[in-house]
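The structure appears below as structure tokens.
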Amino acid sequence: MISTIAYGLTIGAILYIISIGLSLTFGTMRIVNFAHALVYTVGAYALVSSLSFFGGAFIPAAIFAVLVVIPLAYIIERFVIRRLYGQSIDYAIIATYAVLLIGVDACKWVWGATPISVSDPIGAAWTIMGVDLPIYRLVIIVLSLVVFAALELFFRRTVVGKVVVAGLEDKEATRSLGINVDKYFSFVFILRICLAALGGALYVPITSLHLQVLLLSFAVVITL
Amino acid sequence: MQISTINTVKKYDLILVTAAFLLLAPLLTMQRTTDFMIFCVFVLAYDLIYGYMGRLSFGHMLYLGVGAYAAALSAEHFSANPFLALFVAILAGGAVGLLLGPIIVRTTGACFALINLAFNQVGYFLAVIALAEWTGGEDGMSAFYDPVWIFDFGNSNVMFGFTLFCLVCVVYLVRRLTSSPFGILLRTIKENETRAKFLGYNTFLYKLLAFVLSTSLAAFAGALTMLNYTYATPSFIDPTRSVEVIFACLIGGAGNVYGALVGGVGYMILSNYLPNYIQRWEMFLGMALLVLVFKFQSGIWGYFSTLIMARKKEVKA
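Chains as they are written, first to last, in my numbering: chain A, 794 to 1017; chain B, 3 to 319.
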């Protein structure tokens, strides 16, 4: 019972981290972005590769994975998504799905189609009432709470966050105040890419799935 | 091309379609052409929803899969009559459409695409895990059909002839439907649903009807696949394959009967022959989709028909 709750909470925490990025995309661009799943997948694979590079140290490898994904996401944004403004939403869905197809195939090319498993970076477990809970899972839950608190603070207390919220609410009006909304939106873009890649990197030691997670995170965003 | 030629082409289109597929058969082998024609039926079913009604579905494999499994289950539990299997499959497709339609057709745009995807995922789960006892799970199921009179579907010539006949019937049906007032109303819904409502039409009913027609036709295509291969596997209901039919619709040109046929054949030729030469086939598919979306939205048929139209204007001038 306790372990079921803890395991469910872990997956929920990761889904939160991934889909908060997705819901930011929905807000800034009004686009269903299948390419978000690609960012997540590449984040996961980048972690696998950088783990061996950093000699198994998980935290620098995860940071590296998150950073590596940003230029890739920028290319997708610049050459595909930016061209989709003003097009019908159907084309946006198809085009971002096409990006997903290309990217997933490229991942198979680079890393192979066989699932790669990564061992639990902490390894230790904590025993509560006779149930073993891996500490790594607890760390994920805590981390998602930290992300939540940080985003909440960011959007409510900082000027940048408030500008972003205002821009989401009414882009034209915010612009007329002399604020360069696009500059702030590009910051949001980097933020959501980092979050998606972080979600991917965190998920690797637990399991390996891609489209399923995308579906779940869409479900999360749409029921919001 | 002259206007009169275009009209003649339209008049004899069923004969021309038959002739085109009869010509394809010796070129590509009969089994392949049968496959192509079944896929064309599926593309036509999809085009009714996407091309004419303007709703992008990302989970149409569900209805194909329902048809295939219904045909297989009918052979296992009722009788080995292939026509009964086809009938049961169409009924099953229609029933699923009627059941899910009232929920699905209320939505538009991204929601429509994703809710279909979600139901497709549910169907896939049911076929692979929850109902594995009946559907055979990952292994799929096979069924054999008795020959009825001259219709022995184990014989590839008979299968070819019957599929061709079915395809021509479906082409006629879809063309007739889409040029009727009902079809015009569907296009009105695509352009502006509020106005159609304002004119006093109950758009919900028409959308539901179009959706049920589309699901039944897709199930029919699934049942034909089942007759052709005599086995059904979870790949028939796999949501990740839904992109194939969208792609076919786009290369042919959405919202046109002949476009759907050109797209179906074009996609099948690509997917059958390209993997022999290009290993990274999915990547190629993705890039082709991007090119279609950005540069070539009207598809092959749309491109040629605008060319002909331009020519026509020149002649007039």
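Built from N, CA and C at the ideal position, the CB exists for glycine as well.
C-beta neighbour in chain A for residue i, strict 8 Å
i: residue 289 of chain B; result: yes
i: residue 195 of chain B; result: no
i: residue 115 of chain B; result: yes
i: residue 58 of chain B; result: yes
i: residue 295 of chain B; result: yes
i: residue 129 of chain B; result: no
i: residue 301 of chain B; result: no
Where the beta strand (DSSP E) through residue i begins and ends
i: residue 924 of chain A; result: 924 to 927
CB-CB length for residue i against residue j, believed under 8 Å
i: residue 929 of chain A; j: residue 953 of chain A; result: That belief does not hold up - the Cβ atoms of residue 929 of chain A and residue 953 of chain A are roughly 32 Å apart, past 8 Å.
i: residue 219 of chain B; j: residue 161 of chain B; result: With a Cβ gap of about 19 Å, residue 219 of chain B and residue 161 of chain B do not count as contacting.
i: residue 854 of chain A; j: residue 847 of chain A; result: 5 Å
i: residue 203 of chain B; j: residue 188 of chain B; result: Between residue 188 of chain B and residue 203 of chain B the Cβ distance is about 11 Å, and since that is not below 8 Å, they are no contact.
i: residue 76 of chain B; j: residue 90 of chain B; result: 4 Å
i: residue 799 of chain A; j: residue 926 of chain A; result: 5 Å
i: residue 46 of chain B; j: residue 221 of chain B; result: Not really, about 13 Å apart at Cβ, beyond 8 Å.
i: residue 886 of chain A; j: residue 115 of chain B; result: 5 Å
i: residue 121 of chain B; j: residue 64 of chain B; result: 6 Å
i: residue 42 of chain B; j: residue 169 of chain B; result: 6 Å
i: residue 118 of chain B; j: residue 105 of chain B; result: With a Cβ gap of about 10 Å, residue 118 of chain B and residue 105 of chain B do not count as contacting.
Extent of the continuous alpha helix (DSSP H) to which residue i belongs
i: residue 123 of chain B; result: 111 to 127
i: residue 960 of chain A; result: 952 to 962
i: residue 205 of chain B; result: 205 to 231
i: residue 897 of chain A; result: 882 to 904
i: residue 235 of chain B; result: Segment: none, residue 235 of chain B is in no alpha helix (DSSP H) and carries neither H nor E.
i: residue 242 of chain B; result: It is not in any alpha helix (DSSP H) - residue 242 of chain B carries neither H nor E in the DSSP assignment.
i: residue 33 of chain B; result: 32 to 49
i: residue 96 of chain B; result: 84 to 106
i: residue 350 of chain B; result: The structure shown does not extend to residue 350 of chain B, since chain B is modelled only from 3 through 319, so no value can be given for it.
i: residue 147 of chain B; result: Where residue 147 of chain B is concerned, there is no enclosing alpha helix (DSSP H), given that its DSSP letter is neither H nor E.
i: residue 842 of chain A; result: 828 to 846
i: residue 271 of chain B; result: 259 to 279
i: residue 158 of chain B; result: 158 to 181
i: residue 779 of chain A; result: As displayed, chain A neither begins before 794 nor continues past 1017, which places residue 779 of chain A out of reach and without an answer.
i: residue 79 of chain B; result: 63 to 79
i: residue 140 of chain B; result: Counting along the chain, residue 140 of chain B falls outside any alpha helix (DSSP H), and DSSP gives it neither H nor E.
Contact list for residue i against chain B, beta-carbon separation under 7 Å
i: residue 902 of chain A; result: 282
i: residue 876 of chain A; result: 296
Within chain B, partners of residue i - CB distance below 8 Å
i: residue 894 of chain A; result: 245, 284, 285, 287, 288, 291
i: residue 869 of chain A; result: In chain order: nothing, as chain B lies at least about 11 Å away.
i: residue 838 of chain A; result: Those within 8 Å of residue 838 of chain A in chain B number zero; the least Cβ separation is about 16 Å.
i: residue 825 of chain A; result: 112, 115, 116
Other residues of its chain near residue i: CB distance less than 8 Å, five sequence neighbours each side excluded
i: residue 947 of chain A; result: 953, 954
i: residue 264 of chain B; result: 253, 254, 255, 301, 302, 303
i: residue 884 of chain A; result: 877
i: residue 870 of chain A; result: 982
i: residue 158 of chain B; result: 32, 33, 36
i: residue 2 of chain B; result: There is simply no residue 2 of chain B to check, as chain B begins at 3 and stops at 319 in what is shown.
Minimum Cβ-Cβ distance from residue i to chain B less than 8 Å
i: residue 808 of chain A; result: no
i: residue 930 of chain A; result: no
i: residue 873 of chain A; result: yes
i: residue 1016 of chain A; result: No answer about residue 1016 of chain A holds up, because its pLDDT of 48 lies below 50 and its placement is not dependable.
i: residue 974 of chain A; result: no
i: residue 799 of chain A; result: no
i: residue 882 of chain A; result: yes
Close-in-space but distant-in-sequence residues of the same chain around residue i (CB under 7 Å, 5 per side omitted)
i: residue 246 of chain B; result: 269
i: residue 100 of chain B; result: 214
i: residue 249 of chain B; result: 269, 287, 291
i: residue 153 of chain B; result: 84, 160, 164
i: residue 240 of chain B; result: 63, 126
i: residue 27 of chain B; result: 35, 162
Beta-carbon neighbours of residue i, restricted to chain A and to distances below 8 Å
i: residue 248 of chain B; result: 887
Interface residues of chain B facing residue i [CB-CB closer than 9 Å]
i: residue 899 of chain A; result: 282, 285
i: residue 933 of chain A; result: Per Cβ cutoff of 9 Å: no residues; residue 933 of chain A is ~25 Å from chain B at best.
i: residue 890 of chain A; result: 60, 245, 248, 288, 291
Close-in-space but distant-in-sequence residues of the same chain around residue i (CB under 6 Å, 5 per side omitted)
i: residue 933 of chain A; result: 803, 806, 995
i: residue 139 of chain B; result: 130
i: residue 936 of chain A; result: none
i: residue 889 of chain A; result: 826, 827, 828
Worksheet item: According to a CB-to-CB cut-off of less than 8 Å, which residues of the stretch 85 to 111 of chain B neighbour chain D?
Response: No chain D appears in the structure shown, which is made up of the protein chains A and B.
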